[in-house]
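*Asks:* Structure in structure tokens, see below.
In my numbering, the protein residues as written are 91 to 391.
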């Protein structure tokens, strides 16, 4: 009788333990059952996440996500794991993570406290400040130079919020237009619909390098923010999935492959036009690689 009771208790405890593990790893459970993982990507966040000449998602963040895919495949002991790419925008990326449509968002997304109420983040893979690009002939170099002018930023980004806050706090009288994506925003500057495009400096550098006449454009001296952390988004509160993801990213960062991946996208010719951005890894990012962190606080880097 006692043995039977112990067996029942053990079975109950085991069932509870498995239920807790499944709850903590609901994304892993879904991936294991479907043999597929869904990656959100951006179409014009060069060089982090964009479409190459064959309309294939590529980039620095995409390669980090693919390293995560391999770790998930190993953790689930799968012979094969299909990768499904899902296009996202600044406006759709958070809802698509929150509702489970995508498992990872592989792009250029700032990690901040407000967003952490809806989604989770793995370790920071880039640090960028919010600046503006304008035509060199316009002579715009500082934020004050934008007073009373029409500017643009990408809808749903932290940058458009920062520009709006500065506009209000300093009474600058700027007209701030929303664009659906980075390519449209840059085109608005190119065609004169706006004098400046406020966005993360690394993305602006890539857009300048890709322009018909790169020397016609210049980055601002002033920044709207401290260097902010980019992180790959994942479902909020999924402890088991985050553990696998974090371990994969930390392993990559601390290996020779991590630095090689950075140089591949920032210091070597990239598709589709073979442009080289020449953006050396900053001291702050070197520290983030050596001591991985998912902190949303720019001051911690």
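Virtual Cβ for every residue (Gly too), placed ideally from N, Cα, C.
#1: Nearest by alpha-carbon distance to residue 389: which of 289, 319, 128, 181 is it?
#2: Please return the same chain residues whose Cβ sits closer than 7 Å to the Cβ of residue 326, not counting the five positions on each side in sequence.
#3: Counting only the same chain and skipping the five closest in sequence on each side, list residues whose C-beta sits under 8 Å from that of residue 236.
#4: Which residues mark the beginning and the end of the beta strand (DSSP E) in which residue 248 is found?
#5: Please classify residue 366: is it buried, with 16 or more other beta-carbons within 10 angstroms of its beta-carbon, or exposed?
#6: On the CB-based measure, 16 or more other CB atoms within 10 Å of its CB, does residue 328 come out buried or exposed?
#7: DSSP three-state call for residue 112: helix, strand or coil?
#8: For the beta strand (DSSP E) holding residue 331, just list the boundary residues, first then last.
#9: So, at 7 Å on beta carbons, what are the nonlocal neighbours of residue 140 in its own chain, with the 5 sequence-adjacent residues on each side left out?
#10: When the Cα of residue 299 is compared with those of 116, 359, 180, which residue comes out closest?
#11: Relative to the alpha-carbon of residue 384, which residue among 188, 304, 199, 145 has its alpha-carbon at the smallest distance?
#12: Would you please state the rounded distance, in angstroms, between the beta carbons of residue 228 and residue 306? I believe it to be under 8 Å.
#13: Going by DSSP in three states, residue 213 sits in which element: helix, strand or coil?
#14: Given residue 113, which residues of its chain have a CB within under 7 Å of its CB, disregarding the five upstream and five downstream residues?
#15: Quick check: residue 351 and residue 370, are their CB atoms within less than 9 Å of each other?
#16: Look at the alpha carbon of residue 274 and the alpha carbon of residue 167, and state the distance between them as a whole number of angstroms.
#17: Pair every Cβ in the segment 331-344 with every Cβ in the segment 375-383, then say whether three or more of these pairs are closer than 8 Å.
#18: Taking the straight line between their C-alpha atoms, what separation do you get for residue 316 and residue 218?
#19: Once the 5 residues before and after residue 272 are set aside, which same chain residues still bring their CB inside 7 Å of it?
#20: I'd like to know whether the C-beta atoms of residue 212 and residue 324 end up nearer to each other than 9 Å.
#21: With hydrogens ignored, establish whether the beta-carbon of residue 351 is closer than 8 Å to any heavy atom of the ligand SAM.
#22: Could you give the C-beta distance for residue 125 and residue 170, rounded to a whole number, given that I count them as a contact under 8 Å?
#23: Just to check my reading of the structure: residue 250 and residue 193 have Cβ atoms closer than 8 Å, yes? What is that Cβ distance to the nearest angstrom?
#24: So, is residue 363 buried or exposed, given that buried needs 16 or more other C-beta atoms within 10 angstroms?
#25: Could you tell me the boundaries of the beta strand (DSSP E) in which residue 287 lies?
#26: If you check the beta carbons only, do residue 129 and residue 196 fall under 9 Å apart?
#27: Can you tell me the Cα-Cα spacing of residue 386 and residue 377, whole angstroms?
#28: Apart from the five residues just before and just after residue 143, which ones in its own chain have a Cβ nearer than 7 Å to its Cβ?
#29: Mapping DSSP to helix, strand and coil, what is residue 165?
#30: Could you give the distance in angstroms between the alpha-carbon of residue 188 and the alpha-carbon of residue 152?
#31: From which residue to which residue does the alpha helix (DSSP H) around residue 185 run?
#32: Could you check which residue in 304, 270, 268 has the C-alpha nearest to that of residue 280?
*Replies:* According to the structure data:
#1: Closest option to residue 389, Cα to Cα, is 319.
#2: Around residue 326: 208, 209, 210.
#3: When the five nearest sequence neighbours on each side are left out, the beta carbons in the same chain lying within less than 8 Å of the beta carbon of residue 236 are those of 222, 230, 262, 264, 285, 286, in order along the chain.
#4: It is not in any beta strand (DSSP E) - residue 248 instead sits in the alpha helix (DSSP H) that spans 248-259.
#5: By the 10 Å Cβ count, residue 366 comes out exposed.
#6: With 16 or more other Cβ atoms from the protein chains shown falling within 10 Å of its own Cβ, residue 328 counts as buried.
#7: With a pLDDT of only 44 at residue 112, under 50, the local geometry of the prediction cannot be trusted, and the value read off the model is given with reservation. Here residue 112 sits in helix by DSSP.
#8: Per DSSP, residue 331 is not a residue of any beta strand (DSSP E); the alpha helix (DSSP H) it occupies stretches across 329-343.
#9: Correct list, in chain order: 132, 133, 134, 148, 149.
#10: Nearest C-alpha to residue 299: 359.
#11: That would be 199, whose Cα lies nearest to the Cα of residue 384.
#12: Contact between residue 228 and residue 306 is absent: CB atoms are separated by about 10 Å, not below the 8 Å threshold.
#13: It is coil, neither helix nor strand.
#14: With a pLDDT of 48 at residue 113, under the threshold of 50, the modelled position of that residue is not reliable, and the figure given next carries that caveat. Sequence-distant Cβ neighbours of residue 113 in its own chain, meaning closer than 7 Å and more than five residues away, do not exist here.
#15: Judged by beta-carbon spacing, residue 370 lies beyond the 9 Å limit of residue 351, meaning their Cβ atoms are not closer than that value.
#16: When rounded, the distance between both Cα atoms is 43 Å.
#17: Counting Cβ pairs under 8 Å, three or more are found: they touch.
#18: Each residue's alpha carbon lies about 8 Å from the other.
#19: Excluding sequence neighbours, residue 272 sits near 134, 135, 244, 289, 293, 297.
#20: Going by C-beta atoms, residue 212 is nearer than 9 Å to residue 324.
#21: Ligands displayed in this structure: none; no statement on the ligand SAM is therefore possible.
#22: So it is a contact: roughly 7 Å between Cβ atoms.
#23: The pair is not a contact, with the Cβ atoms about 27 Å apart (cut-off 8 Å).
#24: Of the residues assessed, residue 363 falls on the exposed side of the cut-off, its CB having fewer than 16 other CB atoms within 10 angstroms.
#25: Judged by DSSP secondary structure, residue 287 falls within the beta strand (DSSP E) whose first and last residues are 286-290.
#26: Against a cut-off of 9 Å, the Cβ pair of residue 196 and residue 129 comes out as a contact.
#27: Linking residue 386 to residue 377 through their CA atoms gives a straight-line distance of about 15 Å.
#28: These residues qualify, in order along the chain: 361, 362.
#29: Residue 165: helix per DSSP, three-state reduction.
#30: Answer to the nearest angstrom: the Cα atoms are 20 Å apart.
#31: Taken as a continuous stretch (DSSP letters only), the alpha helix (DSSP H) holding residue 185 covers 183-188.
#32: Among 304, 270, 268, the Cα nearest to that of residue 280 belongs to 304.
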